[in-house]
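Student: Please read through the structure below; I'll follow up with questions.
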Amino acid sequence: MRKIYVIGGQQKDRITEDWHQYEKGVVLQIDIDRYELIKRTEYTSPPNVCPDNDPSIVFKAGTISKKKLYVCTETEVIIFSLPNMKQIDYLSLPCFNDLHHVRPNHNGNLLVVNTGLDMVLEINSSGNVLRSWNVLNQPPWDRFSPNVDYRKIATTKPHQSHPNFVFQIGNDIWATRCLQQDAICLTKPDQIINIGGSYIHDGVLAGDTLYFTKVDGQVVTVDVQTLQVKNHYYLSLFSNHNSPLGWCRGIKVLGDDTVIVGFTRIRPSKYPLEDQQKFNQLDAVLPTRIACYDLKHGKLLWEHELEQYNLNAVFSIHSEDE
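In terms of this note's numbering, the sequence shown opens at residue 765 and continues consecutively.
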């Protein structure tokens, strides 16, 4: 049995703005050999760390390390032990707003993508913020106040950068910048990986290659040594789907050019993509799902629909042996 973890959320019954859209964080454990659900874990944030009016509660991108799952809601960082999914640690700070990713640093601290404030934070086990980076290389608190509880603010959109993933190359810390369509090194800010074309997510390192997803259904590989793009893979060409694939986000590299990618049913947005189309979630034919691709040979190997498990958005995909 090969088991993966799919991180995301369950949507509310009604269509609404994205900062009110989800009601639960969800983790699915799935057997990818039998295409069967093993276990579903759900989570609801306590009221004291949420906006008072119709909060959105969802798990954003996580990280698995040393048999622990690190995951974030909009305003919290939660650590679960694996495989029993028992909560073993928790952190919520007033500066947290629209968190998008968390991972442990090499030194044991947490790296948290604080998207609502266009920041990445390094936080120790006591909950102290040791370092903060504005991803546009500006003073972190120029636009925001350190004295405000941003957990109670539904949204700070429009963002200037919308960082959504943090990764490391050696000891250097990098963040993807959705609106700039690139990734920037926070510890050496003169280093940038230019991708372009459309909004990007992820930044998953496998061997000497970084794998990025683009929301319009592309996987981009980058050489770690040169920081140059190696390949663009257009996933829409690998299948017979006539409808938009969905919001492409979340990738797990299985090896040998085989990847599992997440697709979220396209949702309505007050801030649409560059082509200014406003998609209605009900108009998108293809459901939220994971799909396995052979990138080398340009083949869709399999797909598995997730809405049958009340998972309506995918943010990251993991295996237990990461």
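Glycine is no exception: its CB is placed at the ideal position from the N, C-alpha and C atoms.
(1) Which value, in whole angstroms, describes the spacing of the CA atoms of K952 and K921?
(2) If distances are taken between C-alpha atoms only, which option among D906, M765, I768 and Y807 comes closest to Q774?
(3) Which same chain residues end up closer than 6 Å to V822 when comparing Cβ atoms and leaving out the 5 residues on each side of it in sequence?
(4) I believe P868 touches T805 by the beta-carbon criterion, under 8 Å. Please report the beta-carbon distance rounded to the nearest angstrom.
(5) Would V986 and T977 be called neighbours here (beta carbons separated by less than 8 Å)?
(6) So, do the stretch 891-904 and the stretch 850-862 have three or more beta carbon pairs nearer to each other than 8 Å?
(7) For I937 versus L863, is the C-beta distance shorter than 8 Å?
(8) Ignoring anything shorter than 3 residues, give me the beta strand (DSSP E) runs that lie fully in the stretch 793-844, in order along the chain.
(9) CB-CB under 6 Å to C1056, same chain, minus the five flanking residues each way: which ones, in chain order?
(10) In the DSSP assignment, find the unbroken beta strand (DSSP E) run with W938 in it and report its ends.
(11) Grab the span of the beta strand (DSSP E) containing M765 for me, first residue to last.
(12) So, for F1002: in the same chain, excluding its five sequence neighbours on each side, which residues have a beta-carbon less than 7 Å away from its beta-carbon?
(13) Report yes or no: do the stretch 954-964 and the stretch 980-1000 share at least 3 C-beta pairs separated by less than 8 Å?
(14) If you count every other CB in all the chains shown that lies within 10 Å of the CB of P819, and 16 or more means buried, which is it?
(15) Could you please give the first and the last residue of the uninterrupted beta strand (DSSP E) stretch that includes S1080?
(16) In three-state terms, what does DSSP make of N1028?
(17) Could you pull out every residue in the same chain whose Cβ sits closer than 7 Å to the Cβ of S845, ignoring the five residues on either side in sequence?
(18) So, for Y998: in the same chain, excluding its five sequence neighbours on each side, which residues have a beta-carbon less than 8 Å away from its beta-carbon?
(19) With a CB to CB cut of under 8 Å and the five nearest residues on each side skipped, what residues in its chain are close to D882?
(20) In whole angstroms, what separates the C-alpha of V979 from that of T1022?
(21) Under DSSP, the beta strand (DSSP E) around Q851 begins and ends at which residues?
(22) Taking the straight line between their C-alpha atoms, what separation do you get for L969 and F1027?
(23) In the DSSP assignment, find the beta strand (DSSP E) that holds W1066 and state where it starts and stops.
(24) Drop a sphere of 10 angstroms on the beta-carbon of H865, count the other beta-carbons inside from all chains shown, and report buried for 16 or more, exposed for fewer.
(25) Evaluate Q944 with the Cβ neighbour count: other Cβ atoms within 10 Å of its Cβ, from every protein chain shown; 16 or more gives buried, anything less gives exposed.
(26) Where D946 and Y854 are concerned, what is the direct C-alpha to C-alpha distance, given to the nearest angstrom?
Tutor: Concretely, from the data shown:
(1) Taking the sequence shown and counting its residues from 1, one reaches residue 952 at position 188. Taking the sequence shown and counting its residues from 1, one reaches residue 921 at position 157. If you draw a straight line from the Cα of K952 to the Cα of K921, it comes to about 27 Å.
(2) Position 10 of the sequence shown, counted from the first residue, corresponds to residue 774. With respect to the C-alpha of Q774, the residue from D906, M765, I768 and Y807 having the closest C-alpha is Y807.
(3) Counting from one through the sequence shown, the residue named residue 822 turns up at place 58. Excluding positions up to five away in sequence, the list reads G773, Y786 and G789.
(4) Here residue 868 refers to the residue found at position 104 when the sequence shown is read from its first residue. Here residue 805 refers to the residue found at position 41 when the sequence shown is read from its first residue. Not really, about 20 Å apart at Cβ, beyond 8 Å.
(5) For this step, residue 986 is matched to residue 222 along the sequence shown. For this step, residue 977 is matched to residue 213 along the sequence shown. In this structure, T977 does not lie closer than 8 Å to V986 by Cβ.
(6) By the Cβ test, the stretch 891-904 is in contact with the stretch 850-862, since at least three Cβ pairs between them sit closer than 8 Å.
(7) Walking along the sequence shown from the start, residue 937 turns up at place 173. Walking along the sequence shown from the start, residue 863 turns up at place 99. Cβ distance not < 8 Å, so I937 and L863 don't count as in contact.
(8) Uninterrupted beta strand (DSSP E) stretches at least 3 residues long and entirely within the stretch 793-844 occur at 800-807, 827-829 and 832-836, given in chain order.
(9) Translated into positions along the sequence shown, residue 1056 becomes position 292. Only residues of its own chain outside the window of five on either side were considered, and among them I1024, L1065 and W1066 have a CB closer than 6 Å to the CB of C1056, listed in chain order.
(10) As a first step, residue 938 must be located in the sequence shown, where it is residue number 174. Taken as a continuous stretch (DSSP letters only), the beta strand (DSSP E) holding W938 covers D936 to R941.
(11) For this step, residue 765 is matched to residue 1 along the sequence shown. DSSP places M765 in no beta strand (DSSP E); its state is neither H nor E.
(12) Counted from its first residue, the sequence shown places residue 1002 at position 238. So the qualifying residues of the chain are Y1057, G1062, K1063 and L1064.
(13) With the cut-off at 8 Å, the stretch 954-964 and the stretch 980-1000 touch.
(14) Translated into positions along the sequence shown, residue 819 becomes position 55. Burial state of P819 is buried, judged by a 10 Å Cβ sphere holding 16 or more other Cβ atoms.
(15) In the sequence shown, counting from the first residue as 1, residue 1080 sits at position 316. For S1080, the enclosing beta strand (DSSP E) begins and ends at A1077 to S1083.
(16) The residue given as residue 1028 occupies position 264 in the sequence shown. According to the sequence shown, residue 1028 is Thr rather than Asn. DSSP, read as helix, strand or coil, puts T1028 in strand.
(17) For the purposes of this step, residue 845 is identified with residue 81 of the sequence shown, where counting begins at 1. The beta carbon of S845 sits closer than 7 Å to those of K831, K832 and I852, all from its chain and outside the five residues before and after it, given in chain order.
(18) Position 234 of the sequence shown, counted from the first residue, corresponds to residue 998. Here the set comprises G981 and Q982.
(19) Indexing the sequence shown from 1 puts residue 882 at position 118. Exclusion of the five residues before and after D882 leaves N898, V899, L900, R907, H923, Q924, S925, H926 and P927 as the residues of its chain whose Cβ lies within less than 8 Å of its Cβ.
(20) What you label residue 979 is simply residue 215 of the sequence shown in a count that begins at 1. What you label residue 1022 is simply residue 258 of the sequence shown in a count that begins at 1. Spanning the two alpha carbons is a distance of roughly 19 Å.
(21) As a first step, residue 851 must be located in the sequence shown, where it is residue number 87. Looking at the DSSP string, the run of the beta strand (DSSP E) that includes Q851 is K850 to L855.
(22) Mapped onto the sequence shown, residue 969 falls at position 205. Mapped onto the sequence shown, residue 1027 falls at position 263. Distance from the CA of L969 to the CA of F1027, rounded to the nearest whole angstrom, comes to 20 Å.
(23) Sequence index remark: in the sequence shown, residue 1066 carries index 302 (1-based). Element bounds for W1066: K1063 to E1069.
(24) Your numbering for residue 865 matches position 101 in the sequence shown. By the neighbour-count criterion, in which 16 or more other beta carbons inside 10 Å mark a residue as buried, H865 falls on the buried side.
(25) Taking the first residue of the sequence shown as position 1, residue 944 is located at position 180. Classification of Q944: buried, given that the 10 Å Cβ count is 16 or more.
(26) Taking the first residue of the sequence shown as position 1, residue 946 is located at position 182. Taking the first residue of the sequence shown as position 1, residue 854 is located at position 90. Whole-angstrom Cα-Cα distance: 31 Å.
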